[in-house]
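Structure first, then comments.
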Amino acid sequence: RDVAGILYPQESESREVKDISGRWRFRTDNSSSRDAGFTQRWWERGLEESGPVIDMPVPASYNDITQEKNIRDFVGWVWYETNFFLPKSWNNANTRVWLRVGSAHYYSMVWVNGVKVMEHEGGHLPFESDVTTRLQYVTTNRVTIAVNNTLTPNTLPPGKINHYMGRDDYPEGYFTQEYQFDFFNYAGIHRPVKLYTTPLVRTSEIATTYDVTTDHASATVHYVINITDGAERRRLFANYNVTVVLQSANGDVINKTTGGEGDIIVTNPRLWWPVGMSEDVGYLYTLVVYAGVFGMNAPTNTDIYRLKIGIRSVSVDSSIKINGRPFYVIGVGKHEDWDVRGKGFDWSMVVKDFNLLDWLGANAFRTSHYPYAEEIMQMCDERGIVVVDECPAVGMRSADNFVNKTLTHHLNVIGELVTRDRNHPSVIMWSVANEPSSQLPQAANYFKTVLDRVRELDPTRPATFVCNAGYDSDVATAFVDVVCVNKYEGWYDDAGRVEVIRKRLSYFLNKWYEKRGKPIIHMEWGAGVISGFHSDPSLMYTEEYLCDVMREHFQTFDSLRAGSNPILAGEMIWNFADFATAQATTRAYGNRKGLFTRHRQPKSPAFVIRERYRTL
Ligand code: GCB
Numbered sequence: 031r032d033v034a035g036i037l038y039p040q041e042s043e044s045r046e047v048k049d050i051s052g053r054w055r056f057r058t059d060n061s062s063s064r065d066a067g068f069t070q071r072w073w074e075r076g077l078e079e080s081g082p083v084i085d086m087p088v089p090a091s092y093n094d095i096t097q098e099k100n101i102r103d104f105v106g107w108v109w110y111e112t113n114f115f116l117p118k119s120w121n122n123a124n125t126r127v128w129l130r131v132g133s134a135h136y137y138s139m140v141w142v143n144g145v146k147v148m149e150h151e152g153g154h155l156p157f158e159s160d161v162t163t164r165l166q167y168v169t170t171n172r173v174t175i176a177v178n179n180t181l182t183p184n185t186l187p188p189g190k191i192n193h194y195m196g197r198d199d200y201p202e203g204y205f206t207q208e209y210q211f212d213f214f215n216y217a218g219i220h221r222p223v224k225l226y227t228t229p230l231v232r233t234s235e236i237a238t239t240y241d242v243t244t245d246h247a248s249a250t251v252h253y254v255i256n257i258t259d260g261a262e263r264r265r266l267f268a269n270y271n272v273t274v275v276l277q278s279a280n281g282d283v284i285n286k287t288t289g290g291e292g293d294i295i296v297t298n299p300r301l302w303w304p305v306g307m308s309e310d311v312g313y314l315y316t317l318v319v320y321a322g323v324f325g326m327n328a329p330t331n332t333d334i335y336r337l338k339i340g341i342r343s344v345s346v347d348s349s350i351k352i353n354g355r356p357f358y359v360i361g362v363g364k365h366e367d368w369d370v371r372g373k374g375f376d377w378s379m380v381v382k383d384f385n386l387l388d389w390l391g392a393n394a395f396r397t398s399h400y401p402y403a404e405e406i407m408q409m410c411d412e413r414g415i416v417v418v419d420e421c422p423a424v425g426m427r428s429a430d431n432f433v434n435k436t437l438t439h440h441l442n443v444i445g446e447l448v449t450r451d452r453n454h455p456s457v458i459m460w461s462v463a464n465e466p467s468s469q470l471p472q473a474a475n476y477f478k479t480v481l482d483r484v485r486e487l488d489p490t491r492p493a494t495f496v497c498n499a500g501y502d503s504d505v506a507t508a509f510v511d512v513v514c515v516n517k518y519e520g521w522y523d524d525a526g527r528v529e530v531i532r533k534r535l536s537y538f539l540n541k542w543y544e545k546r547g548k549p550i551i552h553m554e555w556g557a558g559v560i561s562g563f564h565s566d567p568s569l570m571y572t573e574e575y576l577c578d579v580m581r582e583h584f585q586t587f588d589s590l591r592a593g594s595n596p597i598l599a600g601e602m603i604w605n606f607a608d609f610a611t612a613q614a615t616t617r618a619y620g621n622r623k624g625l626f627t628r629h630r631q632p633k634s635p636a637f638v639i640r641e642r643y644r645t646l
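Below, the structure is given as structure tokens:
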């Protein structure tokens, strides 16, 4: 079994990491052809030699950093560049150096010292390349990254460029980027850029799955490891020496074995539990993988990689079960969205968000509507926050999205997502899309293909997509394991009419259950609230209004999750915090459905959710 994928960069006895994020040079390509960077080969002479540059932080979205409207709303190629020196110790025949971009939105090309080393399509997921032979040690090195945020019907998420050609009432050459998803299309280098070393023979990927006995007395960790001695990801461990040691959280050796593929038995395992199911939340073991070369004359440096794992099982029958016990999801839909930095990774914001999740008492979130930073996934493992891990397939609202070109890319993204995240115990379900037009006839085959691919790559977790097509018109939820639906009673439906929520919501959820007979997560519900707006009796957009909407929803949720045949497996309110969107008449300075403001201060409905989640 081959398990191509890429590991998170990590320091160990055999590996070093150098983060080259920071203040980079930057320029947008404003030329009328939009591709002066390519015709003038900006990567060869350097950005400063070929035009004016400005400061740009990495990681960050570039949109909100300057005072320029045309940078905030820029569509096309932007160019980033920085220089770095390397430690002399990296310059030896047994060391490989990798350049890894945590993510860049949307299409990226990377050069090192004027030589192209990689290209990648899609934001939100990491990409890397072996740059060993491109580096210099006597002088500085230069890395250039060109990033294009243009979205087309075949990108994920999809979009469309609207040309106003032949329109005398618009400026000449005018065009806009349109998209059907409800968050701002932030762009740039969103996650850290790192260099890291490995020995020539290295562990390139580890895939783990678990079996837990029903009495929890024993567990088996199955692992498959890729060992490579080149840039290619072939499995070569037949010639190499692999030792795998399972350690407890405090470093005690639990068990060990050898070989690139095998099982490790754990008696009386300390299982991984999410928040609320046990006192023992987020327990992680460490799988230490030693990979080296056989033989007397072999180089002595063994590659050492430590993978944190949590032993647990996930299953779905009439409910979602973790370690065989029913798990009821109480969570939020989130975004990677913060002021100034946009979607740029920032530890302060990430840790703050986890503290707020804890304050709320939430046990889960969905990575709506794209994969989140790896560091966030690691924190979910440690804090026992369950994740529904979502693909960036959002806004697939027209027939020209459901074509082979999109499908091919979608399958690639799923490969990258599943191989990146499969070892995280916090991930309990894959979501392959949000609110596609799943009433279109072609959606059935499209989603069957996509969901089949997920299950082929990972048979151990349920898979779904999040649906807002009608229960009477959707054709694709036949292929999901858990029915996930979005519906805004009292907002997009029956706006302002809180009194119909209970009846309408329970009718709706029951219809879905009749249709598919599968557990349901109510994935999105809520109402817009402008912090500081008040009214009694409540009115839409006031803090009181969402509190009223909540109380009605809770009554329905409680009647559907109780009893001998509960149909509801969870509730996730939309959204954790206010977030930026494209400008629109329906969006007052962004989407205001947050429990918290964009600055992470609670609106009064946050206290209502906290009261529920902490006592449920
Ligand atoms: C939805 C979408 C989400 C939007 C939300 C809203 O159904 O899935 O991306 O932000 O509604 O507030 O309209």
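Mapped onto UniProt numbering, the consecutive letters of the sequence shown carry residue numbers 31 to 646.
Built from N, CA and C at the ideal position, the CB exists for glycine as well.
Just measuring C-alpha positions, the residue of Phe115, Gly153, Val147 and Ile191 sitting nearest Thr169 is Phe115. Between the segment 420-438 and the segment 206-216 there are three or more inter-stretch CB-CB distances shorter than 8 Å, so the stretches are counted as touching. In this structure, Gln472 sits near Ala429, with a CB-CB distance shorter than 8 Å. Rounded to the nearest angstrom, the gap between the Cα atoms of Ser461 and Arg491 is 11 Å.
By the criterion of a C-beta distance shorter than 7 Å, Asn431 is surrounded in its chain by Pro183 and Pro188, once the five residues flanking it on both sides are discounted. For a cut-off of 8 Å, the C-beta gap from Ser456 to Cys410 is around 4 Å, short enough to register as a contact.
Only buried fits Val131, as 16 or more other CB atoms lie within 10 angstroms of its CB. Nearest to Leu625 by C-alpha distance, out of Leu481, Val272, Arg617 and Val638, is Val638.
Across the set Arg355, Thr332 and Asp333, the C-alpha of Arg355 shows the shortest separation from the C-alpha of Ser343. Gly556 has its alpha-carbon roughly 40 Å from the corresponding atom of Asp59. Ranked by Cα distance from Asn171, the first of Phe477, Val145 and His220 is Val145. In this structure, the beta-carbon distance from Thr243 to Tyr253 does not fall below 8 Å.
For Phe538, the enclosing alpha helix (DSSP H) starts and ends at Ile531 to Arg546. Arg221 places its beta carbon less than 8 Å from that of Ala403. Shown here for Arg232: same chain residues with a beta carbon closer than 6 Å to its own, the five before and five after excluded, namely Asp333 in chain order. A direct Cα-Cα distance of roughly 35 Å separates Arg413 from Leu181.
Put simply, the backbone Cα of Val142 is about 9 Å away from that of Met148. Comparing C-alpha distances from Gly153 to each of Ala614, Lys224, Asn179 and Thr163 shows the shortest one belongs to Asn179.
With respect to the 8 Å criterion, Val251 and Ile341 are classified as neighbours on the basis of their beta carbons. Pairwise C-beta distances place the segment 45-61 in contact with the segment 73-90, as three or more of them are shorter than 8 Å. In this structure, the straight-line span from the alpha carbon of Tyr537 to that of Asp65 is close to 54 Å.
Looking at the DSSP output, Tyr335 sits in a beta bridge with Val319.
For Ser42, the beta-bridge partners assigned by DSSP are Arg45. Nearest Cα to Ser61 within the set Gln40, Trp107, Asp103 and Ser44: Trp107. Val515 is not a Cβ neighbour of Ile560, given a cutoff of 8 Å. For Asn621 and His552, the gap between their C-alpha atoms comes out near 20 Å. Burial of Asn453 is indicated by the presence of at least 16 other C-beta atoms within 10 angstroms of its C-beta. Ile597 carries a coil assignment under DSSP once its states are collapsed to helix, strand and coil. The ligand GCB has a heavy atom closer than 7 Å to the beta-carbon of Lys623.
Relative to the Cα of Leu447, the nearest Cα in the group Arg485, Ala474 and Ser467 belongs to Arg485. The continuous alpha helix (DSSP H) containing Ala474 extends over residues Pro471 to Leu487. Per DSSP, the unbroken beta strand (DSSP E) holding Glu235 starts and ends at Arg232 to Val242. Annotation: Met307 to Ile415 spans about 11 Å, alpha carbon to alpha carbon. Under the three-state reduction of DSSP, Glu574 is assigned to helix.
The beta carbon of Phe587 lies closer than 8 Å to those of His552, Leu598 and Glu601 in the same chain, with the five residues before and after it left out.
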